Amino acid sequence: MSQARRSSGETPDPLAALSRGPLRSCYLLYGEETYLVERGLQLLRARLAPGRGQVRGRTLWADEDLDRLPAALDDLTSPPLFGGAQSLVIRHADALREPAQEAILARLPALGAGGSVVLVARAADQRRRLVAACVRAGAAFGFPRVDVRGAHGWVVRFAREHGHEIVPAAAEELVDRSGQDLGVLASEVEKVSLHAGSGVRIQPQHVRAVATAGRAHEVQELTDRLAARDHAGAIRILRTLLDEGEPPIRAAAFLAAHLRRALHVAELGERGLGPGAIAAQLGISSWLVQRVAGRGRARDFERSLQVLRRLDLELKSSRPTEAVFEAALLEMAR
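For reference, each letter of the sequence shown is one residue, going 509 to 842 in my numbering.
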């Protein structure tokens, strides 16, 4: 039975299914929980990489880039000169018209495990042939919105991914303070993990200490400067944060949380939702939605998050911290 047809009580963890199942020529990732959709996408990209060298990836937006689809499909079905896997991510796939769906379906038989089309959509409308094909192949993975109880479970999971157990009271307090946005919660757990220390059981006092010591205002201003393409201002704020003793990895985590939230707000806004509906869906306040809305396009935030993922690896290497951080900000502010 496909992922799209199971009830919420019967569906296994779609991330686990994505990590263990055979690689397919086409995937559909859909649902309202955009953080998990993005996590599933990252997982697929990582699975294509081991043993295959570099992954050549291209991202198209179905409501803007349809004229580029034929060339992208040609590239996907042509072996790379130096080997490696290939992927084509199509965002806002709900907007794909019938001719585009037919063009993709026609190319799928020529793709092997070394190349995949990944559709990212709001819903799995099986009246659409491409969606129905993914569902029949067991390659449609849904991520419905997480409720408060689910958010608590994800806090526990995030903590374990960082090598910690977390007591229920601490998980509850973290959700109370941060809301149900899984992107924000993932970032907050990472900050608490850094504060608590390796292997320490996370208690409510650890959560409170990070909430008190956080530099949310500075990071929000840094995000605003990046959105305004103010590179000099962004560098100035970064240097202030580092001079005040903020660990670079934690500063990057703060920034990633803000950008993920901005991505979620932008994607929902581009789908036509108003501030109130966006706030209800993301579990955040309306004033915060209004503060974030209009800061940029979803595709720009996605590009910035890709830069931050690379920065995270560089910060954990021996490269000069301030230099690589400033280079990343310059790239994001272009």
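No residue lacks a Cβ here, since even glycine has one placed at the ideal position from N, Cα and C. Please read these numbers as outputs of a predicted model, since none were measured by experiment.
DSSP state of residue i mapped onto helix, strand, coil
{"i": "G539", "result": "coil"}
{"i": "G548", "result": "helix"}
{"i": "T585", "result": "coil"}
{"i": "A629", "result": "strand"}
{"i": "I792", "result": "coil"}
{"i": "V597", "result": "strand"}
{"i": "R709", "result": "coil"}
{"i": "G784", "result": "helix"}
{"i": "R566", "result": "strand"}
{"i": "S533", "result": "coil"}
Status (buried if at least 16 other CB within 10 Å, exposed otherwise) for residue i
{"i": "P756", "result": "buried"}
{"i": "R758", "result": "buried"}
{"i": "V656", "result": "exposed"}
{"i": "R637", "result": "exposed"}
{"i": "A647", "result": "buried"}
{"i": "G753", "result": "exposed"}
{"i": "Q556", "result": "Strictly speaking, residue 556 in this sequence is Leu, with Gln absent from that position. Classification for L556: buried."}
{"i": "E775", "result": "buried"}
{"i": "L767", "result": "buried"}
{"i": "S812", "result": "buried"}
{"i": "R747", "result": "exposed"}
{"i": "A742", "result": "buried"}
{"i": "R709", "result": "exposed"}
Opening and closing residue of the beta strand (DSSP E) in which residue i lies
{"i": "A648", "result": "A648 to G650"}
Extent of the continuous alpha helix (DSSP H) run through residue i
{"i": "A611", "result": "E606 to R615"}
{"i": "G753", "result": "From DSSP, G753 is part of no alpha helix (DSSP H); its letter is neither H nor E."}
{"i": "S695", "result": "L690 to A704"}
{"i": "L816", "result": "A806 to L823"}
{"i": "P522", "result": "P522 to R528"}
{"i": "P676", "result": "P676 to S686"}
{"i": "H660", "result": "V656 to E669"}
CA-to-CA distance, residue j to residue i, given in whole angstroms
{"i": "R560", "j": "R817", "result": "Any answer about R560 is weak, because its pLDDT of 49 lies below 50 and its placement is not dependable; what the coordinates show is given next. Using only the alpha carbons, I get a separation of about 20 Å."}
{"i": "E810", "j": "G705", "result": "30 Å"}
{"i": "A678", "j": "G707", "result": "15 Å"}
{"i": "R836", "j": "R635", "result": "The displayed chain sequence assigns Ala, not Arg, to residue 836. If you take the alpha carbons of A836 and R635, they lie about 43 Å apart."}
{"i": "L526", "j": "Y535", "result": "10 Å"}
{"i": "V715", "j": "L749", "result": "21 Å"}
{"i": "A787", "j": "R685", "result": "16 Å"}
{"i": "L838", "j": "Q814", "result": "14 Å"}
{"i": "L604", "j": "L581", "result": "14 Å"}
query = Would you call the stretch 596-613 and the stretch 567-577 touching, i.e. three or more CB-CB distances under 8 Å?
reply = In short, these stretches touch, since the Cβ pair count reaches three.
task = Evaluate contact between the stretch 729-737 and the stretch 790-806, counting only Cβ atoms and requiring at least three cross-stretch pairs below 8 Å.
result = yes
inquiry  = I want to know whether the stretch 687-704 touches the stretch 526-545 - three or more CB-CB distances under 8 Å.
reply    = Yes, they touch.
message = Tell me whether the stretch 664-680 and the stretch 636-649 touch, counting them as touching only if at least three CB pairs, one residue from each stretch, are closer than 8 Å.
response = no
task = Check whether the stretch 781-794 touches the stretch 820-834, taking contact to mean three or more Cβ pairs, one atom from each stretch, closer than 8 Å.
result = no
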